[in-house]
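Residue numbers (this note's numbering): 3 to 232. Every residue, glycine too, gets a C-beta built ideally from N, C-alpha and C. Just so we're clear, the structure is a prediction, and the values are computed from it rather than from any experiment. Report on the following structure.
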Amino acid sequence: MSFLYTKLVKYNSDWHEVKRNLSLLDSTYDEEWKILPILKVEENVKSKIDQLIKSIASKKIIAIAPGSVWETKKYPIEHYKSLVENFVDDGFYILIIGGANDRKIGEILMQVKSEHVSNYCGELNFIESYYLLTKTNLLISNDSAPTHLGVAANIPVLTIFCSTIPGFGFYPYNQKSRTLSIDDLYCKPCGIHGRNKCPEGHFRCGWELTSNEVLGVAKEMLSEGHSIDN
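In structure tokens, the structure reads:
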């Protein structure tokens, strides 16, 4: 129905989605497009989350968002288990976040080091999850909604791209955030949104991105430091 409009803006597939949307208002954006969303947090939400993490407030905290509505966007749970074990051994506390459908994944990760992991999947709403992230040192997420919550919270975000790629325009763009993706596979990307199963049956885009590689980049990000507003 584009013929009904008096002004058209070209869809640039190599731009970030935020820049694409802002181009509807002004086509002259350069790096200025990297604006951060501003979310209002009511005092009752702050009190709830502050109380929720009161016992671990003095600890170094890493949030992990292991879920997605698309199976081929999910970094293998076995790799996430290895990450949890390594981070806990290094003195971090782990918070698992996501929707109600991610609850089982969170429970599996809790079993790795139950005394040092909390599973909040399905327990927090959008704003509560956002405010919780402002209290963490790092978010590790699949290419899914929590990535963008981490950007809004302006914390370091490490986004793992399995079947999708950062080039689609949904990567974290705030300072100190990074992405990881194996981009030299013949079958990748297999779709812009992900799929219910790997079309090739091997899921190399997930399995071949080792937990050691993710761990190495995460540690580099953590060493750069991030001030938490308490």
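As assigned by DSSP and simplified to three states, the class of SER15
Start at 1 with the first residue of the sequence shown, and residue 15 comes out as number 13. Correct three-state label for SER15: coil.
Does the beta-carbon of LEU134 have 16 or more other beta-carbons within 10 angstroms, so that it is buried, or is it exposed?
As a working mapping, residue 134 is identified with position 132 in the sequence shown. When all chains shown are included, LEU134 counts as buried.
Quick one: using the 10 Å Cβ neighbour count with 16 as the cut-off for buried, is PRO191 buried or exposed?
As a working mapping, residue 191 is identified with position 189 in the sequence shown. Of the other Cβ atoms in all chains shown, 16 or more fall within 10 Å of the Cβ of PRO191; this residue is therefore buried.
With 16 as the cutoff for other CB atoms within 10 Å, does ILE66 come out buried or exposed?
Taking the sequence shown and counting its residues from 1, the one referred to as residue 66 is at position 64. It counts as buried.
Under 8 Å between C-beta atoms of CYS164 and TYR77:
Here residue 164 refers to the residue found at position 162 when the sequence shown is read from its first residue. Here residue 77 refers to the residue found at position 75 when the sequence shown is read from its first residue. Contact flag set, yes.
For SER183, which three-state DSSP category applies?
Taking the sequence shown and counting its residues from 1, one reaches residue 183 at position 181. If DSSP states are grouped into helix, strand and coil, SER183 belongs with the strands.
In chain order, each alpha helix (DSSP H) run of at least 4 residues that lies wholly inside the segment 164–210
206–209
Count the other CB atoms, across all protein chains shown, that sit within 10 Å of the CB of PHE89; report buried if there are 16 or more and exposed otherwise.
Position 87 of the sequence shown holds residue 89. Buried, by the Cβ-count rule.
Shortest alpha-carbon distance to ASN214 belongs to which of LEU151, HIS81, MET223?
For the purposes of this step, residue 214 is taken as residue 212 along the sequence shown, with counting starting at 1. Among LEU151, HIS81, MET223, the Cα nearest to that of ASN214 is on HIS81.
Measure the alpha-carbon distance for ILE194 versus THR166 and round it to whole angstroms.
Counting from 1 along the sequence shown, the entry for residue 194 is found at position 192. Counting from 1 along the sequence shown, the entry for residue 166 is found at position 164. So the alpha carbons of these two residues sit roughly 6 Å apart.
What's the C-alpha gap between GLU210 and LYS12?
Here the question's residue 210 lines up with position 208 in the sequence shown. Here the question's residue 12 lines up with position 10 in the sequence shown. If I take the Cα positions, the gap works out to 36 Å.
Whose CA, out of GLU226, HIS118, PHE170, ALA147, lies closest to the CA of LYS61?
Against the sequence shown, residue 61 aligns to sequence position 59. Closest option to LYS61, Cα to Cα, is HIS118.
Quick check: is the beta carbon of TYR173 nearer than 8 Å to any beta carbon in chain C?
Absence of chain C from the displayed structure is noted, only one protein chain being present.
Nearest-angstrom Cα distance between LEU1 and THR74?
Nothing can be reported for residue 1: it is not among the residues displayed for the chain, which extend from 3 to 232.
Nearest by alpha-carbon distance to GLY124: which of LEU141, ASP28, ARG206, ASN103 is it?
Residue 124 sits at position 122 when you count from the first residue of the sequence shown. That would be ASN103, whose Cα lies nearest to the Cα of GLY124.
Rounded straight-line distance, which links the Cα of ALA155 to that of TYR132:
Here residue 132 refers to the residue found at position 130 of the sequence shown. Here residue 155 refers to the residue found at position 153 of the sequence shown. Each residue's Cα considered, the two are about 6 Å apart.
Cβ-based burial, GLY152 [other Cβ within 10 Å; buried from 16]:
Sequence index remark: in the sequence shown, residue 152 carries index 150 (1-based). So GLY152 counts as buried.
The alpha helix (DSSP H) enclosing ALA220, as first and last residue numbers
The sequence position of residue 220 within the sequence shown is 218, counting from 1. Per DSSP, ALA220 belongs to the alpha helix (DSSP H) from 213–225.
Identify every run of the alpha helix (DSSP H) within the segment 44–120, keeping only runs that are complete inside it and at least 4 residues long; order them along the chain.
45–54, 79–91, 105–112
Looking at PRO168 and SER183, is the spacing between their C-beta atoms short of 8 Å?
Along the sequence shown, read from residue 1 onward, the residue named residue 183 stands at position 181. Along the sequence shown, read from residue 1 onward, the residue named residue 168 stands at position 166. In contact: SER183 and PRO168 (Cβ atoms closer than 8 Å).
Assuming SER225 contacts SER146 under a Cβ cut-off of 8 Å, what Cβ separation, rounded to an integer in Å, is found between them?
Taking the sequence shown and counting its residues from 1, the one referred to as residue 225 is at position 223. Taking the sequence shown and counting its residues from 1, the one referred to as residue 146 is at position 144. Going by Cβ atoms, the distance from SER225 to SER146 rounds to 26 Å, so no, they are not a contact pair.
Just reading off the beta strand (DSSP E) that LEU141 is part of, what are its end residues?
Locating residue 141 in the sequence shown gives position 139, counting from the first residue. From DSSP, the beta strand (DSSP E) with LEU141 extends over 140–144.
Sequence-distant residues of the same chain with beta carbon closer than 6 Å to ASN198, five excluded per side
Along the sequence shown, read from residue 1 onward, the residue named residue 198 stands at position 196. These residues qualify, in order along the chain: GLU73.
So the alpha helix (DSSP H) SER131 belongs to, where does it begin and stop?
The sequence position of residue 131 within the sequence shown is 129, counting from 1. 128–135 is the extent of the alpha helix (DSSP H) around SER131.
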